[in-house]
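If you want the numbering used here, it's the position in the sequence shown, counting the first as 1, plus 60.
We put the CB at the ideal spot given by N, CA and C, even for glycine.
For clarity, every value in this text was computed on a predicted model and none was experimentally measured.
Since the structure comes first, as structure tokens, the remarks are kept for the end.
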Amino acid sequence: MSNFNMESFSLKGKVALVTGASHGIGMAIAEALHQAGARIAFNSSSEAGLEKGLAAYKELGMEVKGYVCDVCDEEAVRKMVADIEKELGIVDILVNNAGIIRRIPMTEMSVDEFRKVVDTDLNAPFILSKAVIPSMIKKGHGKIINICSLMSELGRETVSAYAAAKGGLKMLTRNICSEFGEANIQCNGIGPGYIATSQTAPLRERQPDGSRHPFDSFIVAKTPAGRWGEPDDLKGPAVFLASDASDFVNGQILYVDGGITAYIGKQP
61 MSNFNMESFS LKGKVALVTG ASHGIGMAIA EALHQAGARI AFNSSSEAGL
111 EKGLAAYKEL GMEVKGYVCD VCDEEAVRKM VADIEKELGI VDILVNNAGI
161 IRRIPMTEMS VDEFRKVVDT DLNAPFILSK AVIPSMIKKG HGKIINICSL
211 MSELGRETVS AYAAAKGGLK MLTRNICSEF GEANIQCNGI GPGYIATSQT
261 APLRERQPDG SRHPFDSFIV AKTPAGRWGE PDDLKGPAVF LASDASDFVN
311 GQILYVDGGI TAYIGKQP
């Protein structure tokens, strides 16, 4: 007889830290976790970003805690996690969402630019996970969700640093699972496809003659769903991976991509 019930999807009483959630995908995920009952903490790398995020959450009717923190700075991350533990409680759910991309051909990219992307997209999730895992072990349970990418699987022109970092994040996800699964910590990834956010808006603008942007046409043709994803498409997967309903799911990457990774593409 199964003891499963829909309460398994509830996050009531849980504390979630979503990094880089002052806008976009991070904010959509924070909103979903909040709707499922979690108390939300988020960070921004700047005071201005933090204020903007807090105002947006207020408009959504959400009470959240915001922190200015550079996720690449281990000391700053340790302090933020300690503050969250004092003010909200132990972090039950960590969503490593903060990330950057630099679209520069590889031979034109400086080593410093490459390092900066890897630092933010791969080293920072290591730093954050390392900061929350000891308390998760003591509590006997924890969830880490790494925001991976299609580029954890597939390459593309101009994104060498991003693809290297996101591929590394996929393997960090599997390794956290391997190392801490016995402590009842589940670490999984979400690999968003092409999502309609303010960042990707220029790629979806109609051309002067009313036709689609070439990149827009390319993505829609590559996607069996025939559309871009919306931030809302990531909400259900995030709640599932943050909840007790996924307690035996570990080390997996869930691609929320409308089917891109399953599809060879249309014949020209």
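Quiz item: Does DSSP put alanine 151 in a helix, in a strand, or in coil?
Solution: As a working note, residue 151 is residue 91 in the sequence shown. Looking at the sequence provided, one finds valine at residue 151 rather than alanine. Coil at valine 151, not helix or strand.
Quiz item: Once you ignore the five residues that flank glycine 228 on each side, which residues in its own chain have a CB closer than 7 Å to its CB?
Solution: Along the sequence shown, one-based indexing puts residue 228 at 168. Contacts found: Leu182.
Quiz prompt | Classification of proline 262 by the beta-carbon crowding that lies within 10 angstroms, buried from 16 upward | solution = Sequence index remark: in the sequence shown, residue 262 carries index 202 (1-based). Exposed.
Self-check item: Continuous beta strand (DSSP E) stretch holding cysteine 247: start and end
Solution: For this step, residue 247 is matched to residue 187 along the sequence shown. From DSSP, the beta strand (DSSP E) with cysteine 247 extends over 245-252.
Exercise. Would you identify the three-state DSSP class for alanine 115, choosing helix, strand or coil?
Key: As a working note, residue 115 is residue 55 in the sequence shown. Correct three-state label for alanine 115: helix.
Quiz item: Using 8 Å as the threshold, is the stretch 163-171 in touch with the stretch 213-224, meaning 3 or more CB pairs across them?
Solution: Inter-segment contact for the stretch 163-171 and the stretch 213-224 is present: three or more beta-carbon pairs are separated by less than 8 Å.
Self-check item: Where the alpha helix (DSSP H) through serine 277 begins and ends
Solution: To locate residue 277, count along the sequence shown from 1; it is residue 217. For serine 277, the uninterrupted alpha helix (DSSP H) run begins and ends at 274-282, by DSSP.
Quiz item: If you draw a straight line from the alpha carbon of methionine 196 to that of glycine 253, how long is it in whole angstroms?
Solution: In the sequence shown, the residue the question calls residue 196 occupies position 136. In the sequence shown, the residue the question calls residue 253 occupies position 193. Answer to the nearest angstrom: the Cα atoms are 30 Å apart.
Quiz item: Do tyrosine 323 and lysine 282 come within 8 Å of each other at the CB atom, strictly closer than that value?
Solution: For this step, residue 282 is matched to residue 222 along the sequence shown. For this step, residue 323 is matched to residue 263 along the sequence shown. Yes, these two residues count as a Cβ contact at 8 Å.
Self-check item: glutamate 119 versus phenylalanine 64: straight-line alpha-carbon distance, rounded
Solution: As a working note, residue 119 is residue 59 in the sequence shown. As a working note, residue 64 is residue 4 in the sequence shown. Rounded to whole angstroms, glutamate 119 to phenylalanine 64 spans 35 Å at the Cα level.
Exercise. Please report how far the alpha carbon of serine 189 lies from the alpha carbon of isoleucine 204, in whole angstroms.
Key: As a position in the sequence shown, residue 189 is number 129, starting the count at 1. As a position in the sequence shown, residue 204 is number 144, starting the count at 1. Cα to Cα, serine 189 sits roughly 7 Å from isoleucine 204.
Exercise. Note the first and the last residue of the continuous alpha helix (DSSP H) segment covering threonine 195.
Key: As a position in the sequence shown, residue 195 is number 135, starting the count at 1. This sequence places serine at residue 195; threonine is not what is there. Looking at the DSSP string, the run of the alpha helix (DSSP H) that includes serine 195 is 184-199.
Quiz item: Looking only at C-alpha atoms, which of Ser209, Glu213 and Gln327 sits nearest to alanine 158?
Solution: Position 98 of the sequence shown, counted from the first residue, corresponds to residue 158. Each of Ser209, Glu213 and Gln327 was checked against the Cα of alanine 158, and the nearest Cα belongs to Ser209.
Practice problem: Would you give the residue range spanned by the alpha helix (DSSP H) that asparagine 235 belongs to? | Solution: Looking up residue 235 in the sequence shown gives position 175. That run of the alpha helix (DSSP H) goes 220-240.
Self-check item: Beta-carbon contacts of proline 185 that lie in its chain and below 7 Å, excluding the five residues immediately before and after
Solution: Here residue 185 corresponds to residue number 125 of the sequence shown, with the count starting at 1. Asn156, Asn206, Leu229 and Leu232.
Self-check item: Contact set for leucine 114: own chain, Cβ-Cβ below 6 Å, skip 5 residues either direction
Solution: As a first step, residue 114 must be located in the sequence shown, where it is residue number 54. Within the same chain, and ignoring the five residues on either side of leucine 114 in sequence, the residues whose Cβ sits closer than 6 Å to its Cβ are Gly126.
Quiz item: How is the alpha helix (DSSP H) around glycine 86 delimited, first residue to last?
Solution: Position 26 of the sequence shown, counting from 1, holds the residue named residue 86. Membership of glycine 86 in the alpha helix (DSSP H) is indicated by the continuous run 84-95.
Self-check item: Element boundaries [beta strand (DSSP E), containing alanine 76]
Solution: The residue you call residue 76 lines up with position 16 of the sequence shown. Note, alanine 76: beta strand (DSSP E), 75-78.
Self-check item: In DSSP terms, what tyrosine 315 is bridged to
Solution: As a working mapping, residue 315 is identified with position 255 in the sequence shown. Per DSSP, the beta bridge partners of tyrosine 315 are Gly251.
Quiz item: Hey, would you say arginine 234 sits closer than 8 Å to glycine 311, going by beta carbons?
Solution: Indexing the sequence shown from 1 puts residue 234 at position 174. Indexing the sequence shown from 1 puts residue 311 at position 251. Here arginine 234 is near glycine 311, since their CB atoms are less than 8 Å apart.
Quiz item: In chain order, what residues of the same chain lie with their CB nearer than 8 Å to the CB of alanine 285, ignoring the 5 residues before and after it?
Solution: Position 225 of the sequence shown, counted from the start, is the residue given in the question as residue 285. The beta carbon of alanine 285 sits closer than 8 Å to the beta carbons of Gly318 and Gly319 from its chain, once the five residues preceding and following it are set aside; these are given in chain order.
Exercise. Counting only the same chain and skipping the five closest in sequence on each side, list residues whose C-beta sits under 6 Å from that of glycine 270.
Key: Counted from its first residue, the sequence shown places residue 270 at position 210. Apart from sequence neighbours up to five positions away, no residue of its chain approaches glycine 270 with a beta-carbon distance below 6 Å.
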